[in-house]
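What follows is one structure encoded as structure tokens, with my remarks underneath.
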Amino acid sequence: MTAPAAAPVRMLVISLMASMLVVSFNQTVLNTALPTIIAELGGLDRIGWIVAAFVLTSTLSMPLAGALSDVLDRKRLLLGASIVFGLGTLLGALSWNLDVLIIARLAQGIGGGGVMVLTQTIMAAAVPSRERAKYAGAFGSVWAVATISGVLIGGWLTDGPGWRWVFWGTLPLLAVAMVLGARFIAPSRPSDVRVQPDIAGMLLLCIATTALVTATSASLPAEWSWFIGAVGAGAVCALVFAERRAEQPVLPGVLFRSRTFVLATLAGMLCSGVASFVVLSYLPSFAQMVLGLSALQAGLLLLPMIVATVTSSTLTGFAVSRTGRYILIPALGAGAVVVGLLLLGTLGPDTTPLRLSLSAALLGAGIGTNVLLLTLLAQNALPARNIGVATAANNFFRQAGATMGISLVGVAFASRLHDALACALDTRGIPQREDLPLATISPEQLALLDPGLRSAVAEAYASALPPLFLALIPLALAALVMILALERRPLAESHI
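Under our numbering, read the sequence shown as residues 929 to 1424, first letter to last.
Okay, structure coming up:
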């Protein structure tokens, strides 16, 4: 397959970055609005699904988009995925209950997953690995700015016109990205290979991922969770056998025979997948419910994290492009993630906003060193003909890890919050109020309560959430070990 060559590389990069910006932004933009959404629509037990729904379906659509991108025109696939994303965004703006909102997020994820994979695949097909390293820094900066500033902008919209404007405001941005893509992305020549979709693999992958995420959520009784989990495990086993027989598998075996691909993918899943998305999903709630900040103020606290992530991502890209070395920097970054999680895990009711902000900034600096560099290494480890499925599989496992992490932490958080709140109220001699469920109260309602109740809620949140950040430290340490174990192989300097 030939790489697109019609548009200058710079304009191609800008076009791809615009598409990635819009989709990445929507991964976190609702995080600061979660307390307000739950207070308006209800469903504390499903709070994680507002975030996880997007991640789940984007995870499922990635392998399909990657497989198709190796045999069909990538430009048309990207524009089609953008349209699906736009339809989900429109439904989100019109949501009238939590179920509709979750469905909208599922639809957004289907299109968004395709966009994320296709932007990286088109880039990989246009620029050699060595030169692409500096653009990986730019792409990492876009991803970081979008995902982290989504928290800030989401807070501003929640405090202002309302959280629904998160969706309305996305539509014109998406239109601009599609116009740029249509103008500056050259069509790729479809492969002569006949398209033979791996239907069995896609279905089994969908069943396995959905079942495992559902089993780890609090949406089912315990006995059903075990059953669904067993179904998911069975689907994984069946998927292994199905992929061995498929002519165009969505997860071909060549991926897993590459030590570099496996280690880079798993390290990215644990570090820039699980750790980053869990923290970004729940840290704004801590800032609002414990520190008493507004949604906008909670987002502003993460500005240093944005700056740190963008700076480290950009510098990493240029350093790797100049030197060709790529082990030390992401290893140091994984170490910074460990320290950042440790600091966030020791937050308490008396934590100052400055301490929270600086701790998040250290975490962001670590994430910035490997957010897209590890994807580049995974791509570089495989032949050019597998670039689409390699990119998709790398993103799939990172998103799958994020989905599972968000879901598991959401379950643990809801359980811990219930117990911590009961203890805080009992300590103060305050009876439970059935007319006011404190576990689902919005920050605006919390500000109107008497000091005793506000103090109890703040103590409960401070007791329930930070220890969950500490539980992520072993994952970041495992990522550090995997990065150090990567093979030292040169980045390609010729066009793939």
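Note that CB positions come from ideal geometry on N, CA and C, so glycine has one too.
Inter-residue spacing [alpha-carbon to alpha-carbon] between Val1266 and Pro1115 = For the purposes of this step, residue 1266 is taken as the residue at position 338 of the sequence shown. For the purposes of this step, residue 1115 is taken as the residue at position 187 of the sequence shown. In this structure, the alpha-carbon of Val1266 lies about 43 Å from that of Pro1115.
key: Contacts around Ser1204, its chain only, beta-carbon distance under 6 Å, and the 5 residues preceding and following it disregarded   = As a position in the sequence shown, residue 1204 is number 276, starting the count at 1. If you ignore the 5 residues before and after Ser1204, its C-beta comes within less than 6 Å of the C-beta of Ile1295, all in its own chain and listed in chain order.
Backbone CA spacing between Leu1191 and Asn1322 [nearest angstrom] = The residue labelled residue 1191 in the question sits at position 263 within the sequence shown. The residue labelled residue 1322 in the question sits at position 394 within the sequence shown. So the alpha carbons of these two residues sit roughly 10 Å apart.
ask   = Should Thr1355 go down as buried or exposed, given a rule of 16 or more other Cβ atoms within 10 Å for buried?
value = Taking the first residue of the sequence shown as 1, we reach residue 1355 at position 427. Burial call: exposed.
Residue from Gln1216, Leu940, Ile966 whose Cα sits closest to the Cα of Arg1382 = Along the sequence shown, one-based indexing puts residue 1382 at 454. For the options Gln1216, Leu940, Ile966, the alpha carbon positioned closest to that of Arg1382 is the one of Gln1216.
ask   = With Thr964 and Thr1086 assumed to form a contact (beta carbons below 8 Å), what rounded beta-carbon distance in angstroms separates them?
value = As a position in the sequence shown, residue 964 is number 36, starting the count at 1. As a position in the sequence shown, residue 1086 is number 158, starting the count at 1. Distance from Thr964 to Thr1086 at the Cβ level is roughly 5 Å; contact confirmed, criterion being Cβ atoms closer than 8 Å.
Any 3 or more C-beta pairs closer than 8 Å across the region 1155-1164 and the region 1132-1141 = The region 1155-1164 vs the region 1132-1141: in contact.
message = Three or more C-beta pairs under 8 Å: does that hold for the region 1392-1402 against the region 1176-1185?
response = Contact between the region 1392-1402 and the region 1176-1185 is absent, because fewer than three Cβ pairs lie under 8 Å.
key: Beta-carbon contacts of Leu992 that lie in its chain and below 7 Å, excluding the five residues immediately before and after   = Residue 992 sits at position 64 when you count from the first residue of the sequence shown. These residues qualify, in order along the chain: Met1130, Val1178.
ask   = Leaving out five residues before and five after Ala1226 in sequence, what residues of the same chain have Cβ atoms less than 6 Å from its Cβ?
value = The count along the sequence shown starts at 1 and reaches residue 1226 at position 298. If we look at Ala1226 and ignore the five residues flanking it on each side, its Cβ neighbours are Thr960, Gly1083, Pro1212, Ala1215, Gln1216.
key: Leu1219 versus Met990 - alpha carbon distance   = As a working mapping, residue 1219 is identified with position 291 in the sequence shown. As a working mapping, residue 990 is identified with position 62 in the sequence shown. The alpha-carbon atoms of Leu1219 and Met990 are separated by roughly 38 Å.
inquiry  = Here's the rule I'm using: 16 or more other beta-carbon atoms within 10 Å means buried, otherwise exposed. How should Glu968 be labelled?
reply    = Here the question's residue 968 lines up with position 40 in the sequence shown. With fewer than 16 other CB atoms across the displayed protein chains lying within 10 angstroms of its CB, Glu968 is exposed.
request  = Identify which residue in Val1385, Ala1103, Val941, Thr1193 has its Cα closest to the Cα of Ala1306.
outcome  = If you number the sequence shown from 1, residue 1306 lands on position 378. When the alpha-carbon of Ala1306 is set against those of Val1385, Ala1103, Val941, Thr1193, the nearest one is in Thr1193.
request  = Kindly indicate which three-state DSSP category Ile1255 falls into: helix, strand or coil?
outcome  = Stepping through the sequence shown from its first residue, residue 1255 is reached at position 327. Annotated three-state conformation of Ile1255 is coil, per DSSP.
inquiry  = Quick check on Trp977: buried or exposed, where buried means 16 or more other Cβ atoms within 10 Å of its Cβ?
reply    = Locating residue 977 in the sequence shown gives position 49, where the first residue counts as 1. Around the beta carbon of Trp977, 16 or more other beta carbons sit within 10 angstroms, so the residue counts as buried.
ask   = If you count every other CB in all the chains shown that lies within 10 Å of the CB of Ala1074, and 16 or more means buried, which is it?
value = Position 146 of the sequence shown holds residue 1074. Counting the other Cβ atoms within 10 Å of the Cβ of Ala1074 gives 16 or more, which makes it buried.
request  = Report buried or exposed for Gly1196, applying the criterion of at least 16 other Cβ atoms within 10 angstroms of its Cβ.
outcome  = Along the sequence shown, read from residue 1 onward, the residue named residue 1196 stands at position 268. Result: buried.
task = Using 10 angstroms around the beta-carbon of Ser1241, count the other beta-carbons present and answer buried if the total reaches 16, otherwise exposed.
result = Counted from its first residue, the sequence shown places residue 1241 at position 313. That one is buried.
task = Out of Ala1388, Leu949, Leu1256, Gly1016, point me to the one whose CA is closest to Arg1416's CA.
result = As a first step, residue 1416 is located in the sequence shown; it is residue number 488 there, counting from the start. Out of Ala1388, Leu949, Leu1256, Gly1016, Leu1256 has the C-alpha closest to the C-alpha of Arg1416.
message = Check for me: the alpha helix (DSSP H) holding Pro1394 runs from which residue to which?
response = Walking along the sequence shown from the start, residue 1394 turns up at place 466. Per DSSP, Pro1394 belongs to the alpha helix (DSSP H) from 1394-1398.
request  = Would you identify the three-state DSSP class for Pro1311, choosing helix, strand or coil?
outcome  = Numbered from 1 along the sequence shown, position 383 holds the residue referred to as residue 1311. Here DSSP, grouped into helix, strand and coil, assigns Pro1311 to coil.
task = Out of Thr1239, Gly1037, Met1332, Ala1375, point me to the one whose CA is closest to Ser1222's CA.
result = Taking the sequence shown and counting its residues from 1, the one referred to as residue 1222 is at position 294. With distances taken between Cα atoms, Ser1222 lies closest to Ala1375.
request  = Could you spell out the range, first to last residue, of the alpha helix (DSSP H) harbouring Gly1109?
outcome  = In the sequence shown, counting from the first residue as 1, residue 1109 sits at position 181. From DSSP, the alpha helix (DSSP H) with Gly1109 extends over 1093-1112.
query = Can you give, in chain order, each stretch of the alpha helix (DSSP H) that sits fully within the region 991-1052 and has at least 4 residues?
reply = You should have 1002-1021.
query = How long is the line joining the alpha carbons of Val1070 and Pro1402, rounded to whole angstroms?
reply = For the purposes of this step, residue 1070 is taken as residue 142 along the sequence shown, with counting starting at 1. For the purposes of this step, residue 1402 is taken as residue 474 along the sequence shown, with counting starting at 1. Approximately 28 Å, taken between the alpha carbons.
ask   = When we look at the beta-carbon of Thr1251 and count the other beta-carbons within 10 Å, is it buried (16 or more) or exposed?
value = Along the sequence shown, read from residue 1 onward, the residue named residue 1251 stands at position 323. It counts as exposed.
task = Can you give me the start and stop residues for the alpha helix (DSSP H) that Pro1180 sits inside?
result = As a position in the sequence shown, residue 1180 is number 252, starting the count at 1. Per DSSP, Pro1180 belongs to no alpha helix (DSSP H) and is neither H nor E.
request  = Spatial neighbours of Gly1263 within its chain, please: CB distance less than 8 Å, with the 5 preceding and 5 following residues excluded, ordered by chain position.
outcome  = As a working mapping, residue 1263 is identified with position 335 in the sequence shown. Only residues of its own chain outside the window of five on either side were considered, and among them Gly1294, Leu1408 have a CB closer than 8 Å to the CB of Gly1263, listed in chain order.
message = Which residue marks the beginning of the alpha helix (DSSP H) containing Gly1129, and which one marks its end?
response = Counting from 1 along the sequence shown, the entry for residue 1129 is found at position 201. Start and end: 1127-1143.
task = From the DSSP output, in three-state form, read off Ala1174 for me.
result = Residue numbering aside, residue 1174 sits at position 246 when the sequence shown is read from its first letter. Annotated three-state conformation of Ala1174 is coil, per DSSP.
key: Minimum C-alpha distance to Leu1183 - residue among Arg1344, Ala1318, Ser1335   = As a first step, residue 1183 is located in the sequence shown; it is residue number 255 there, counting from the start. Checking every option, the nearest Cα to that of Leu1183 belongs to Ala1318.
ask   = Which of helix, strand or coil does DSSP assign to Gly1357?
value = Mapped onto the sequence shown, residue 1357 falls at position 429. Coil, per DSSP.
key: Start and end residues, alpha helix (DSSP H) containing Pro936   = As a position in the sequence shown, residue 936 is number 8, starting the count at 1. That residue, Pro936, is in no alpha helix (DSSP H); it is neither H nor E in DSSP.
task = Could you check how far apart the C-beta atoms of Ala1352 and Gly1276 are, in whole angstroms? I think they sit under 8 Å.
result = The residue labelled residue 1352 in the question sits at position 424 within the sequence shown. The residue labelled residue 1276 in the question sits at position 348 within the sequence shown. Not confirmed; about 13 Å, so no contact.
key: Residue closest to Gly1333, alpha-carbon to alpha-carbon, out of Val1248, Ala1236, Val1202   = Indexing the sequence shown from 1 puts residue 1333 at position 405. Closest in alpha carbon position to Gly1333, among Val1248, Ala1236, Val1202, is Val1202.
request  = Pull up the distance between the alpha-carbon of Val1206 and that of Leu1284, whole angstroms please.
outcome  = The residue you call residue 1206 lines up with position 278 of the sequence shown. The residue you call residue 1284 lines up with position 356 of the sequence shown. Taking the straight line from one Cα to the other gives about 15 Å.
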